[in-house]
Amino acid sequence: MIFETERLIIRRLNVEDLDAFHKLESNANVLKYAIGNPKSYIENEIELKALILKYNIPKNDFRVYAIIRKTDNQFIGTVALVKDNLDDEIGYRFLEEFWNLGFGSEVCFGLVSYCKQIKIKYIIAYVVDENKASAIILQKNNFMIVNEFINDENQPETKYVLKL
442 MIFETERLII RRLNVEDLDA FHKLESNANV LKYAIGNPKS YIENEIELKA
492 LILKYNIPKN DFRVYAIIRK TDNQFIGTVA LVKDNLDDEI GYRFLEEFWN
542 LGFGSEVCFG LVSYCKQIKI KYIIAYVVDE NKASAIILQK NNFMIVNEFI
592 NDENQPETKY VLKL
């Protein structure tokens, strides 16, 4: 386990997560505000295995973890802590049926606490402006806007930062 919240466990991905991981990464609605397009089962299997292998790399700066609901041990999404140049960037995705249940706020709060524990000085997050729910989550967690721009997909996007 990486960390836990009241309702969630954050742990390393494993090969048993493939079906749920594929459901997440092949859903156009989930990926609407993210870089990339829905992938095939084989593409997602390759990606999952590559993410798992990264756990064995010393000082790995691209960590993606499973979000598990405590009540039934169900995989409901992923949370990321990755390097964006010199910055530590956070992100999260949930299976669509778990939207609007407060899990985004809960995992963001837990991730902020975890980043403090591992002595990260500040974290960043990028949100496509149309993704109002994610912007609200960041603002609730005291992230501040540092830049507004048009991204590579020609969408207005905002960069947020939180000093820890």
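Mapped onto our numbering, the consecutive letters of the sequence shown carry residue numbers 442 to 605. Where is the CB? At the ideal position from N, CA and C, for every residue including glycine.
Under the three-pair Cβ rule at 8 Å, the stretch 479 to 487 counts as touching the stretch 450 to 468.
The Cβ atoms of residue 536 and residue 517 sit closer than 7 Å to each other. When the Cα atoms are used, residue 569 and residue 583 turn out to be separated by approximately 18 Å. Under DSSP, the beta-bridge partners assigned to residue 585 are 602. Contact between residue 559 and residue 603 is absent: CB atoms are separated by about 14 Å, not below the 8 Å threshold. Distance from the CA of residue 590 to the CA of residue 597, rounded to the nearest whole angstrom, comes to 6 Å.
By the C-beta density criterion, residue 496 is exposed, having fewer than 16 other C-beta atoms within 10 angstroms. Each of 578, 599 and 580 was checked against the Cα of residue 588, and the nearest Cα belongs to 599.
Per DSSP, reduced to three states, the secondary structure at residue 471 is coil, with no helix or strand assignment. Cβ neighbours of residue 585 within its own chain (closer than 8 Å, five residues either side excluded): 601, 602 and 603. For the 7 Å CB-CB criterion, residue 557 and residue 605 form a contact.
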